[in-house]
Structure formats: structure tokens, C-alpha cells
Amino acid sequence: MGVKFKNLSFDYGGRPVLENISCSLTAGSVHAVLGVNGAGKSTLIKLLAGFLKPVGGSIFLDDDNLNKLSLNQIAKRIAYVSQQQQLSDLTVSDYLLLGRKPHLRWLNGSADE
Numbered sequence: 041m042g043v044k045f046k047n048l049s050f051d052y053g054g055r056p057v058l059e060n061i062s063c064s065l066t067a068g069s070v071h072a073v074l075g076v077n078g079a080g081k082s083t084l085i086k087l088l089a090g091f092l093k094p095v096g097g098s099i100f101l102d103d104d105n106l107n108k109l110s111l112n113q114i115a116k117r118i119a120y121v122s123q124q125q126q127l128s129d130l131t132v133s134d135y136l137l138l139g140r141k142p143h144l145r146w147l148n149g150s151a152d153e
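In the working numbering, each residue carries its 1-based index in the sequence shown increased by 40.
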């Protein structure tokens, strides 16, 4: 799956964090997002995961505009693990099953069928 950011912009309460970011990430390659604290690295990842909406520009997964996909459709293609520490009783197996959630239907088997 390739990812393309096209003129992507985002702000928090009018304070610009990302301005007109454009780049393409090729499927099968390793990419890194580097920058100082507050540069917008986490914001960029949250935009890609669909948790935030850009104030300008677009994000494409392959040729699909992220703004036109449901959160369930995005979750089938993008995995996200928060950097915030969560205290919970979930096991590693539980976390792995959470990653399958978008692919499962309640009581009716797999949504992949």
C-alpha cells in the first residue's frame, strides 16, 4: 500500500502544526518521520490513522482519498498503537485481537468473506 500526502495542512486552534506537506511513501519500503518535539510527527501519524481531519490537502492510501473512507475501512488498512501508556488488564492476545476487530462482524463471522 502506498501513501501520498498532498498539500497537507493541520492546526490546533489556529496554531499551524503542518503546512502544505507533500510526499509519497512507496509500499514495501521503510520510512522514518524525524523531527524535534512539537514538529508534528505524532499529528501526521494521527492524520494518517484517520483520528484527525486535515484543514487542507489530502491523504491517499493507494489511490483512495482517506477523507472518503470510513474509520472501519481505514482501520482495515492502517494499524496504530498509541504512544500514551494505558493501564489495563488486556493481555498481548487481547491487543492482537483488537487489531482484527475491523475485519470481524458481530455474530456473523468474518467481514473479510
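Yeah, the Cβ is synthetic: ideal placement off N, Cα and C, and Gly gets one too.
Note that the structure is predicted; figures quoted are calculated from it, not measured.
- In this structure, Ser49 sits away from Gly90, with a CB-CB distance that is not shorter than 8 Å.
- Judged by DSSP in its simplified three-state form, Val43 adopts strand.
- DSSP places Arg140 inside the alpha helix (DSSP H), whose first and last residues are Val132 to Arg140.
- Check the Cα spacing between His71 and each of Gly42, Ile61 and Asp51: the tightest is with Gly42.
- Collapsing the DSSP output to three states places Asn60 in a strand.
- According to the DSSP assignment, Ser98 belongs to the beta strand (DSSP E) that extends over Gly96 to Leu101.
- Residue pairing by DSSP places Asp104 opposite Leu101 in a beta bridge.
- Counting along the chain, Gln113 sits inside the alpha helix (DSSP H) bounded by residues Leu111 to Ala115.
- Under the three-pair Cβ rule at 8 Å, the region 73-80 does not count as touching the region 100-107.
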